[in-house]
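Undergrad:
Numbering (our numbering), first residue to last: 117 to 528.
#1: Residue range of the alpha helix (DSSP H) that residue 250 falls in?
#2: With respect to the alpha helix (DSSP H) encompassing residue 377, which residues constitute its N-terminal and C-terminal limits?
#3: Could you spell out the range, first to last residue, of the alpha helix (DSSP H) harbouring residue 70?
#4: So, at 8 angstroms on beta carbons, what are the nonlocal neighbours of residue 175 in its own chain, with the 5 sequence-adjacent residues on each side left out?
#5: Assuming residue 208 contacts residue 214 under a Cβ cut-off of 8 angstroms, what Cβ separation, rounded to an integer in Å, is found between them?
#6: Using a threshold of 7 angstroms, state whether the C-beta atoms of residue 486 and residue 163 are closer than that.
#7: What residue range does the beta strand (DSSP E) around residue 225 cover?
#8: For residue 360, which residues of its own chain have a beta-carbon under 7 angstroms away from its beta-carbon, when the five flanking residues on both sides are left out?
#9: For residue 413, count neighbouring Cβ atoms within 10 angstroms of its own Cβ and tell me buried if that reaches 16, exposed if not.
#10: Does the separation of the CB atoms of residue 264 and residue 235 fall below 7 angstroms?
#11: Residue 340 to residue 325, Cα distance in whole Å?
#12: On the CB-based measure, 16 or more other CB atoms within 10 Å of its CB, does residue 75 come out buried or exposed?
#13: Can you tell me whether residue 446 is buried or exposed? The criterion is at least 16 other CB atoms within 10 Å of its CB, across all chains shown.
#14: Start and end of the alpha helix (DSSP H) containing residue 202?
#15: When you compare the CB of residue 293 with every CB in chain D, is at least one pair closer than 7 angstroms?
#16: Buried or exposed for residue 198, please, with buried defined as at least 16 other CB atoms from any protein chain shown within 10 angstroms of its CB.
#17: Classify residue 284: buried if its beta carbon has 16 or more other beta carbons within 10 angstroms, exposed otherwise.
#18: Could you check what DSSP says for residue 181 in three-state terms: helix, strand or coil?
#19: Using DSSP bridges, identify the partner residues of residue 306.
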């Protein structure tokens, strides 16, 4: 029998049970939709984070406490180790130690309740120098920012993000008012512009001189991070080595394997972010793919039911000359067709939901979340659908092809 006739018979069989066919492919649609959605959001998040890192400039370095490690969990917990001290800051600022260091910005941070009168909001408290506003090109939306003299004098001043302002003050003017963090009163001198992101959400932050935060709020003598700008991009590698040498001397480290700090360039940060987001995306995509297996089992079950219901049809077709191969191809094509349609619909709905999610996230984050169509995931989804159709359809189709025509015609 010609393959075209086999296809026509298969499609006729599926059309005879439209509702059952539609429900059968639902598991495949959900699985492919989930994979497309997860991969698209993962790619969008990676693009946004990498864009934020690139916006810091190619001449930016970061020094973090803790041993150099490719382990994401260790990298995150290293922020709270106590290896970066005041003596390190002093040594790094010496021109003969790091000749091409243009400026250095120490950072400490924590999360805590921010209160004003009877209102309270849990946000991020960032202690840093006045250089943060130039580093990240931030202009005040209201008021002004603190200065170098405020840092030196440990002045009780701060600037707040727009979310903190809205939660604590509503429509009132917060400039000049005092907020309280851990029983320390800070006078608001400025409000940050609407500026949020995945690496740092300034909207939910209070930024104050690091000297004030360290002494009066955190009570700690170590830094969570140093951010450095190099005077010329061509001296990045040399500056990295100068920094390592300086801190090793400060910590009396003779073996580089014993380093209790790490220096990261923009390239290192981007590589780490890419690795982490890719692994997370693949993990979530694999979890979503479990529904494809469920859909495949559903297709196998439905195909067995279809074979049983159409036993007489199989017997009649065999009596009229259809071979075992014709019957096998008929039911196998039905399974493949169902999964392929499910895959195509899954790609469509996955792309649609991904696009709508990108619009929603762009609005929520006040940042452009770029929609990316995951071509690899889409192609993989189609191929996976075909494989599932073959794997889960072959046994029911084989069972149908082996039916005895005489017994099939007598089947009630």
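Built from N, CA and C at the ideal position, the CB exists for glycine as well. These figures come from a predicted structure and were not determined experimentally.
TA: In terms of the structure at hand:
#1: Stepping through the chain shown from its first residue, residue 250 is reached at position 134. Per DSSP, residue 250 belongs to the alpha helix (DSSP H) from 248-251.
#2: Within the chain shown, the letter at position 261 stands for residue 377. It is not in any alpha helix (DSSP H) - residue 377 instead sits in the beta strand (DSSP E) that spans 377-380.
#3: A question about residue 70 goes unanswered here, because the residues of the chain that appear run from 117 up to 528.
#4: Locating residue 175 in the chain shown gives position 59, where the first residue counts as 1. Within the same chain, Cβ atoms closer than 8 angstroms to the Cβ of residue 175 are found at 218, 345, 346, 347, 348, 349, 352, the five residues on either side in sequence being excluded.
#5: Taking the chain shown and counting its residues from 1, the one referred to as residue 208 is at position 92. Taking the chain shown and counting its residues from 1, the one referred to as residue 214 is at position 98. Yes, they are in contact, since the Cβ atoms of residue 208 and residue 214 sit about 6 angstroms apart, within 8 angstroms.
#6: Numbered from its first residue, the chain shown carries residue 486 at position 370. Numbered from its first residue, the chain shown carries residue 163 at position 47. Cβ distance < 7 angstroms, so residue 486 and residue 163 count as in contact.
#7: Here the question's residue 225 lines up with position 109 in the chain shown. 217-232 is the extent of the beta strand (DSSP E) around residue 225.
#8: As a first step, residue 360 must be located in the chain shown, where it is residue number 244. So the list reads 379, once near-sequence residues are dropped.
#9: Residue 413 sits at position 297 when you count from the first residue of the chain shown. Answer is exposed; the Cβ neighbour count stays below 16.
#10: By 1-based counting over the chain shown, the position of residue 264 is 148. By 1-based counting over the chain shown, the position of residue 235 is 119. Result no, Cβ atoms of residue 264 and residue 235 do not sit closer than 7 angstroms.
#11: Here the question's residue 340 lines up with position 224 in the chain shown. Here the question's residue 325 lines up with position 209 in the chain shown. Those two C-alpha atoms are separated by around 14 angstroms.
#12: Residue 75 lies beyond the stretch modelled for the chain, which goes from 117 to 528, so this question has no answer here.
#13: Position 330 of the chain shown, counting from 1, holds the residue named residue 446. Label assigned to residue 446: buried.
#14: Within the chain shown, numbered from 1, the residue matching residue 202 stands at position 86. Element bounds for residue 202: 202-208.
#15: Although the question refers to chain D, the structure presented lacks it and comprises just one protein chain.
#16: Residue mapping note: residue 198 aligns to position 82 of the chain shown, counting from 1. So residue 198 counts as exposed.
#17: The count along the chain shown starts at 1 and reaches residue 284 at position 168. Residue 284 comes out buried.
#18: Within the chain shown, the letter at position 65 stands for residue 181. DSSP places residue 181 in strand when its eight states are reduced to three.
#19: Within the chain shown, the letter at position 190 stands for residue 306. Looking at the DSSP assignment, residue 306 forms a beta bridge with 259, 275.
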